[in-house]
Structures are given as C-alpha cells and as structure tokens.
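At position 100 of the sequence shown the residue is numbered 100 (the working numbering), and the sequence of numbers has no breaks.
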Amino acid sequence: MDILITFYPWIKAFHIMSVIAWMAALFYLPRLYVYHSESVGLQGDTHALFQTMEYKLLKVIMNPAMIATWVFGLLLALIPGVVDWSAVWPWTKLFGILAMSGFHGWLAAQRKAFVAGGPIKSGRQYRMMNEVPTLLMVLIVLSVVVKF
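The following block contains the structure:
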C-alpha cells in the first residue's frame with residue numbers, strides 16, 4: 001500500500017481524466033442515437049456512417065475510459081484513509097457508479113439494436129435517457145465532495 005500512497009496524486013489525476021472522458025462519451029452517444037433514430041433511419045450510407053461513429057465512440061473511447069475509471073477508482077479506494085467505509089457517502093457513490101456502468105451497458109445494447117435493424121427507441125426516449133448520466137454524476141460528485 002505504500003506505493004499507492006506515493007502515487008496518490010497521479011492515481012487521482014488519471015482517475016479524474018478517465019471520468020471526464022467517460023462522461024463525455026456517455027453524454028454524446030445518446031445524442032447520436034437521437035439523430036440516428038430521428039433523421040437517419042436504419043438503412044443507407046448515413047446509417048452506416050452513424051453505425052461507425054457509434055461503434056468507435058463506444059469501443060475506442062467509452063469502454064477504455066470506463067475501464068480506466070474503475071481501475072484508478074479502485075486503486076484510490078485501496079489507499080488507506082481515502083475512503084471511510086463506515087460513512088454513507090462511499091455507498092451512495094458506489095450506487096451511482098454501478099448505475100452509470102449499467103447505463104453504459106444499456107447504451108451498448110442500443111447500439112446492437114441499431115446494427116440489427118431494430119427495434120430502436122424514439123428520439124424523445126433517447127433524449128430523456130440522455131439525462132441519466134447527468135443525474136448520476138450529480139449524485140456521485142455530491143457524495144464525494146459533500147460526503148453526506
């Protein structure tokens with residue numbers, strides 16, 4: 001654990017950077033789904049272009065960012081004194097992280113629905129789902145900063 005304490009600022013910095021990348025992708029992918037479902041449809045060249053963009057966002061940015069977020073977050077949790085597991089805040093944060101990871105999985109499943117040719121949600125449904133990461137982010141940040 002001494003090595004983790006030594007690298008604490010680095011681990012925390014990389015955790016924050018990976019969270020930012022993950023959140024950016026979690027905000028953008030549902031927006032792509034809105035445009036894909038409302039303006040593009042499920043066939044044609046533009047459909048293929050959207051599938052490529054969605055695939056690359058998920059596989060090249062979102063998945064690695066989520067993995068890095070989890071790895072650096074777990075390393076932070078292992079550093080003595082960083083997390084007081086007797087408090088409420090680590091558990092609300094953990095709930096938010098698990099829910100965010102579940103939302104990530106839901107987005108991946110939606111991409112598969114576009115690839116399979118349906119069924120897909122409406123643009124309005126994707127717009128509503130686009131608010132999920134924001135609400136979870138609020139819960140997570142308040143848990144960590146306010147430590148309620």
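By construction, the Cβ of each residue, glycine as well, lies at the ideal position given by its N, Cα and C atoms.
Contact between residue 126 and residue 39 is ruled out by a C-beta separation of about 12 Å, above the 8 Å threshold.
When only Cα atoms are considered, residue 118 and residue 14 end up about 37 Å apart.
Ranked by Cα distance from residue 95, the options 120, 56, 124 and 143 are led by 143.
When 136, 21 and 123 are compared, the shortest CA-CA separation from residue 63 is found for 21. By a beta-carbon distance limit of 8 Å, residue 57 does not contact residue 4. Their separation comes to about 32 Å. About 13 Å separates the Cβ atoms of residue 110 and residue 35, ruling out a contact at the 8 Å cut-off. With a cutoff of 8 Å on beta-carbon distance, residue 42 and residue 103 are scored as not near each other. Taken through DSSP and simplified to helix, strand or coil, residue 93 comes out as helix. With contacts defined by Cβ atoms closer than 8 Å, residue 136 and residue 29 do not form a contacting pair. Residue state for residue 87 is assigned as coil, using DSSP reduced to three classes. Rounded to whole angstroms, the separation of the alpha carbons of residue 140 and residue 133 is 10 Å.
Per DSSP, residue 73 is one residue of the alpha helix (DSSP H) stretching across 63-78. In the three-state reduction of the DSSP assignment, residue 29 falls in the helix class, which pools H, G and I. When the beta-carbon positions are compared, residue 11 and residue 98 stay at least 8 Å from each other. Put simply, the backbone Cα of residue 6 is about 49 Å away from that of residue 122.
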